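2 protein chains.
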Amino acid sequence: MRIGVIGGGQLARMMALAASPLGIRVHALDPAVDACAGEVAPLEVAAFDDLIALHRFADLCNAITFDFENVSAPALNELAAVRPVRPNPLSLATAQDRGAEKALFARIETAVAPFAIIDQPQQIAAAATSVAFPAILKTRRFGYDGKGQINVADASLLEDAYTRLGNAPCVLETRVRFQRELSLVAVRALDGEIRCYPLVENVHVNGILSLTLAPAEVTPLLAAAAERCARRVAEALDYVGVLAIEFFDVDGQLIANEMAPRVHNSGHWTIEGAVTSQFENHVRAVAGLPLGDTAAHGVSCMLNWIGDLPDRNRALTVPGLHWHDYGKSARAGRKVGHATITAPDRSTLLRRLHQAAEVLDRQAQIAPAIARLL
Amino acid sequence: MRIGVIGGGQLARMMALAASPLGIRVHALDPAVDACAGEVAPLEVAAFDDLIALHRFADLCNAITFDFENVSAPALNELAAVRPVRPNPLSLATAQDRGAEKALFARIETAVAPFAIIDQPQQIAAAATSVAFPAILKTRRFGYDGKGQINVADASLLEDAYTRLGNAPCVLETRVRFQRELSLVAVRALDGEIRCYPLVENVHVNGILSLTLAPAEVTPLLAAAAERCARRVAEALDYVGVLAIEFFDVDGQLIANEMAPRVHNSGHWTIEGAVTSQFENHVRAVAGLPLGDTAAHGVSCMLNWIGDLPDRNRALTVPGLHWHDYGKSARAGRKVGHATITAPDRSTLLRRLHQAAEVLDRQAQIAPAIARLL
Numbered sequence: 000m001r002i003g004v005i006g007g008g009q010l011a012r013m014m015a016l017a018a019s020p021l022g023i024r025v026h027a028l029d030p031a032v033d034a035c036a037g038e039v040a041p042l043e044v045a046a047f048d049d050l051i052a053l054h055r056f057a058d059l060c061n062a063i064t065f066d067f068e069n070v071s072a073p074a075l076n077e078l079a080a081v082r083p084v085r086p087n088p089l090s091l092a093t094a095q096d097r098g099a100e101k102a103l104f105a106r107i108e109t110a111v112a113p114f115a116i117i118d119q120p121q122q123i124a125a126a127a128t129s130v131a132f133p134a135i136l137k138t139r140r141f142g143y144d145g146k147g148q149i150n151v152a153d154a155s156l157l158e159d160a161y162t163r164l165g166n167a168p169c170v171l172e173t174r175v176r177f178q179r180e181l182s183l184v185a186v187r188a189l190d191g192e193i194r195c196y197p198l199v200e201n202v203h204v205n206g207i208l209s210l211t212l213a214p215a216e217v218t219p220l221l222a223a224a225a226e227r228c229a230r231r232v233a234e235a236l237d238y239v240g241v242l243a244i245e246f247f248d249v250d251g252q253l254i255a256n257e258m259a260p261r262v263h264n265s266g267h268w269t270i271e272g273a274v275t276s277q278f279e280n281h282v283r284a285v286a287g288l289p290l291g292d293t294a295a296h297g298v299s300c301m302l303n304w305i306g307d308l309p310d311r312n313r314a315l316t317v318p319g320l321h322w323h324d325y326g327k328s329a330r331a332g333r334k335v336g337h338a339t340i341t342a343p344d345r346s347t348l349l350r351r352l353h354q355a356a357e358v359l360d361r362q363a364q365i366a367p368a369i370a371r372l373l
Numbered sequence: 000m001r002i003g004v005i006g007g008g009q010l011a012r013m014m015a016l017a018a019s020p021l022g023i024r025v026h027a028l029d030p031a032v033d034a035c036a037g038e039v040a041p042l043e044v045a046a047f048d049d050l051i052a053l054h055r056f057a058d059l060c061n062a063i064t065f066d067f068e069n070v071s072a073p074a075l076n077e078l079a080a081v082r083p084v085r086p087n088p089l090s091l092a093t094a095q096d097r098g099a100e101k102a103l104f105a106r107i108e109t110a111v112a113p114f115a116i117i118d119q120p121q122q123i124a125a126a127a128t129s130v131a132f133p134a135i136l137k138t139r140r141f142g143y144d145g146k147g148q149i150n151v152a153d154a155s156l157l158e159d160a161y162t163r164l165g166n167a168p169c170v171l172e173t174r175v176r177f178q179r180e181l182s183l184v185a186v187r188a189l190d191g192e193i194r195c196y197p198l199v200e201n202v203h204v205n206g207i208l209s210l211t212l213a214p215a216e217v218t219p220l221l222a223a224a225a226e227r228c229a230r231r232v233a234e235a236l237d238y239v240g241v242l243a244i245e246f247f248d249v250d251g252q253l254i255a256n257e258m259a260p261r262v263h264n265s266g267h268w269t270i271e272g273a274v275t276s277q278f279e280n281h282v283r284a285v286a287g288l289p290l291g292d293t294a295a296h297g298v299s300c301m302l303n304w305i306g307d308l309p310d311r312n313r314a315l316t317v318p319g320l321h322w323h324d325y326g327k328s329a330r331a332g333r334k335v336g337h338a339t340i341t342a343p344d345r346s347t348l349l350r351r352l353h354q355a356a357e358v359l360d361r362q363a364q365i366a367p368a369i370a371r372l373l
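Here the protein sequences line up with chains A and B, keeping their order.
For the first sequence, counting from 1, position 164 maps to 163 in numbering that gives the first Met the number 0; every step adds exactly one.
For the second sequence, counting from 1, position 58 maps to 57 in numbering that gives the first Met the number 0; every step adds exactly one.
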């Protein structure tokens, strides 16, 4: 059994490591000859829109998936004609377009921030009156990690923001005042079974995930609302694989922010903190196998390493710290690795985070996790 | 950082999977072109005594280790002149020779079964009078998984047994009547720090490990005795890496049976059942890094798949079951994979073992685990 992954980044790499014990090989396709999945999986070097290479790649594999959402949807449709593509092209297309995504959330009765579509300059004026400011203008397509979005303080700045985003089709959203950011990672099997990991709390810095605390402390009601949303999204799209949904917690009510049709950075803690990792469950789903247990054991804090890695040898002195080096060279803003600190309970995790803050040069990054556990 | 592993079997394979997130690459050397580590790590195909190939291999690596104990000690000594070999050749040589091993256990005041050395036929008669029967005759070297040993019911059969073992240097041991088989996996770092996983209980069938229950239910006194033994062995040998010691539990007293100078089959449960796996801790030790936490979370049962794999898709329906396919073809007596069933407590583990017995064609293998948990 071979699974082809379009994209050869750290997500494909962690899928490959999870697939190997299942007797499943991951093959990755990426235009970069040094794509980091290549260290642990056979790598096909080709452009994402090279249809000949994509077909040759598909011929090698029993099923196709992807590790990022900006895969060309037409290319994926072409592959779907010859191999199962999981999640399906409809799921990808929905997640690729903030307009379609919002429409889906509305259809399944999940609250979203007030928004207006601006596909053409003529729609700017109407949007400015229908959406309260401060707001955020986001391109409908090709956004990730805070890219493709601009804060807009008031209506007078909207036209300029639209121009700065290249007059691309956009969504204007009211900026939600939230208490915290939560996300849910769910997985749906080929037979329709859905399992959810516990809700987690995320802290973003400059639009990039900085840390995840798992599980989040939430009421059963909030957890149920998030799971209901994930279940409806997955069923509406006939989704197969891992799916992540980001929410804002606004006075105990969930506002859906966006979905990711793939394994998700806020699910990395599951490698050591849950019975079955999101990577294994994604591979199981894509391969048509039964899902694994999504329960957490203990509590975890995932710290993203952005730009460069802190000192590994010092980090490994922290009890319960699990190191993940993606084998990428350092570069500003690049996700080059992460660490997950696991502990049996919150007070032990707090102690370990203090230790990590002591030995690593990342005090500012770790502080919000400590604050949340105090 | 590259670690060279002499041997490319499942142990090297699992080391490679554990090393990758640490930013460490494992390279394997094995004479078999289809050695199963080759699927996840660069594989150098060469005979174990091909000194030219070994030196070329060592040049690629920062440190050398091995995944089985029948590595040629002279070859390893040769490599030790150019690269750190961990554990060191003395440790390997001691574990390779049941005579030296027994002498070491005696030196550190660890009880062993009454034994006599038979290096030459002239020693048979003396051995037969000094050792009580029934006994076991074992070759001093090249024994593993029950190979190279013969049960000897009484003195009259000893000469014949010796001939059947090819007149090789042997150890004759009184057959110990034990209540259970236990083993301890320990790890010693370059700086001398030693950590031990909890004692586990093993069930062997035809000399091959069939299952491991972790942790074993033992008194603190018994656990302390096992850890003291491991600590003394590791310190006596200036050992670096993972070390396993097998014991018999005789009315609450430990009798050391043998040691393995490597990651051990009875430690496979640590991949999912402990905070840090034996494979990661071995890699950390060989690379000179700090050790990881050896605590178990919950309870685990590891089931070895010998000869062929049971049905994977049915197995994955068992909650908490973790599948390990080594990518080897089926062959009688061959270890082709294992599964570890984890659970938060013994009653849940018992229920899951019942489920496994229902869906897998391995009732007889699972029964002893169920019996021990009842």
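Where is the CB? At the ideal position from N, CA and C, for every residue including glycine.
Quick caveat: nothing in here was measured; it's all calculated off a predicted structure.
Going by alpha carbons, who is nearest to Arg139 (chain B) out of B:Gly165, B:Ala127 and B:Trp322?
B:Gly165
Listed from N- to C-terminal order along the chain, which residues in the region 5-38 of chain B have their beta-carbon within a distance smaller than 9 angstroms of any beta-carbon of chain A?
Arg12, Met13, Ala15, Leu16, Ser19, Pro20, Leu21, Gly22, Ile23, Arg24 and Glu38
Taking only beta-carbon atoms, is Asp307 (chain B) less than 8 angstroms away from chain A?
Not one chain A Cβ lies under 8 angstroms of Asp307 (chain B).
Find out if the Cβ-Cβ distance for the pair Ala57 (chain B), Leu78 (chain B) is shorter than 8 angstroms.
Yes, these two residues count as a Cβ contact at 8 angstroms.
Among A:Ala235, A:Met0 and A:Thr128, which one has its Cα closest to the Cα of Ser19 (chain A)?
A:Met0
I believe Ala34 (chain B) touches Ala27 (chain B) by the beta-carbon criterion, under 8 angstroms. Please report the beta-carbon distance rounded to the nearest angstrom.
Confirmed, Cβ separation roughly 6 angstroms.
By alpha-carbon positions, which one of A:Leu53, A:Val241 and A:Asp29 ends up nearest to Leu42 (chain A)?
A:Asp29
When you check each C-beta in the region 315-336 of chain A against every C-beta of chain C, which residues fall closer than 7 angstroms?
Given the protein chain composition of this structure (A and B), no chain C is represented.
Output the residue ranges of the beta strand (DSSP E) runs that lie fully inside the region 245-271 of chain A and measure 3 residues or longer, sorted by chain position.
252-259
Of the residues that make up the region 349-370 of chain B, which ones have a beta carbon closer than 7 angstroms to any beta carbon in chain A?
none
Could you check which residue in B:Val184, B:Ala62, B:Cys60 and B:Val70 has the C-alpha nearest to that of Gly6 (chain B)?
B:Val70
With which residues is Ile116 (chain B) paired in a DSSP beta bridge?
Listed as beta-bridge partners of Ile116 (chain B) by DSSP are B:Val170.
What span of residues does the beta strand (DSSP E) with Asp360 (chain A) cover, start to end?
Note, Asp360 (chain A): premise wrong, no beta strand (DSSP E); not H, not E.
Under 8 angstroms between C-beta atoms, does Asp292 (chain A) make it to chain B?
yes
Can you list, in chain order, the stretches of the alpha helix (DSSP H) that have 4 or more residues and sit fully within the region 35-123 of chain A?
50-59, 72-79, 88-95 and 97-106
Any beta carbon from chain B within less than 8 angstroms of His296 (chain A)'s own beta carbon?
yes
So, is Ile23 (chain B) buried or exposed, given that buried needs 16 or more other C-beta atoms within 10 angstroms?
Looking at its Cβ environment, which holds 16 or more other Cβ atoms inside 10 Å, Ile23 (chain B) is buried.
Answer with buried or exposed for Phe141 (chain B), where buried requires no fewer than 16 other C-beta atoms within 10 angstroms of its C-beta.
The residue in question, Phe141 (chain B), is exposed, as its Cβ has fewer than 16 Cβ neighbours within 10 Å.
Would Gln362 (chain A) and Val317 (chain A) qualify as a contact pair, given that the criterion is a beta-carbon distance under 8 angstroms?
no
Beta carbons nearer than 7 angstroms to chain B: which residues of the region 265-281 of chain A have them?
Val274
Just to confirm my understanding: we take Ser90 (chain B), look at its own chain, exclude 5 residues before and 5 after, and list those with CB closer than 6 angstroms. What are they?
Leu236, Tyr238 and Pro260
Mind checking if Asn303 (chain A) is an interface residue toward chain B, Cβ cutoff 8 angstroms exclusive?
Contact with chain B is absent for Asn303 (chain A), since none of that chain's Cβ atoms lies less than 8 angstroms from the residue's Cβ.
Hey, is Phe56 (chain A) close to the ligand ZN, as in C-beta under 7 angstroms from one of its heavy atoms?
The ligand ZN is not among the ligands present in this structure, which contains no ligands whatsoever.
Hey, could you find the ends of the alpha helix (DSSP H) Asn303 (chain A) is sitting in?
Here Asn303 (chain A) belongs to no alpha helix (DSSP H); instead the beta strand (DSSP E) covers Val298 to Ile305.
If you drop the 5 nearest sequence neighbours on each side, which residues of the same chain put their C-beta closer than 8 angstroms to that of Gly161 (chain B)?
Reading off the sequence shown, one finds Tyr at residue 161 (chain B), where the question assumed Gly. Ile117, Pro120, Ile123, Leu136 and Cys169, listed in sequence order.
Smallest Cα separation from Asp159 (chain B): which of B:Phe65, B:His263 and B:Ala127?
B:Ala127
Applying the 10 Å Cβ sphere with the 16-neighbour rule, what's the burial state of Ala115 (chain A)?
buried
Contact between the region 295-311 of chain B and the region 271-279 of chain B: three or more CB pairs below 8 angstroms?
Yes, the region 295-311 of chain B is in contact with the region 271-279 of chain B.
Pick out whichever of B:Gly319, B:Glu257, B:Val84 and B:Leu290 has its Cα sitting closest to the Cα of Ala112 (chain B).
Nearest C-alpha to Ala112 (chain B): B:Glu257.
Compare the C-alpha of Phe177 (chain B) against each of B:Cys60, B:Val249, B:Ala45 and B:Ile63 and name the closest.
The option with the nearest alpha carbon to Phe177 (chain B) is B:Val249.
Let's see if you can read the secondary structure: which residues bound the alpha helix (DSSP H) around Thr162 (chain B)?
Leu157 to Arg163
Mind pulling the chain A residues with CB within less than 8 angstroms of Pro197 (chain B)?
Correct list: empty, because the minimum Cβ distance to chain A is about 15 angstroms.
Which class does Leu349 (chain A) belong to by DSSP, given the choice of helix, strand or coil?
helix
Examine chain A for any beta-carbon lying closer than 8 angstroms to the beta-carbon of Asn312 (chain B), and answer yes or no.
yes
Tell me, which residues are paired with Gly240 (chain B) by DSSP?
B:Arg187
Contact check, Ala185 (chain A) vs Ala229 (chain A) under 8 angstroms by CB: the rounded distance?
4 angstroms
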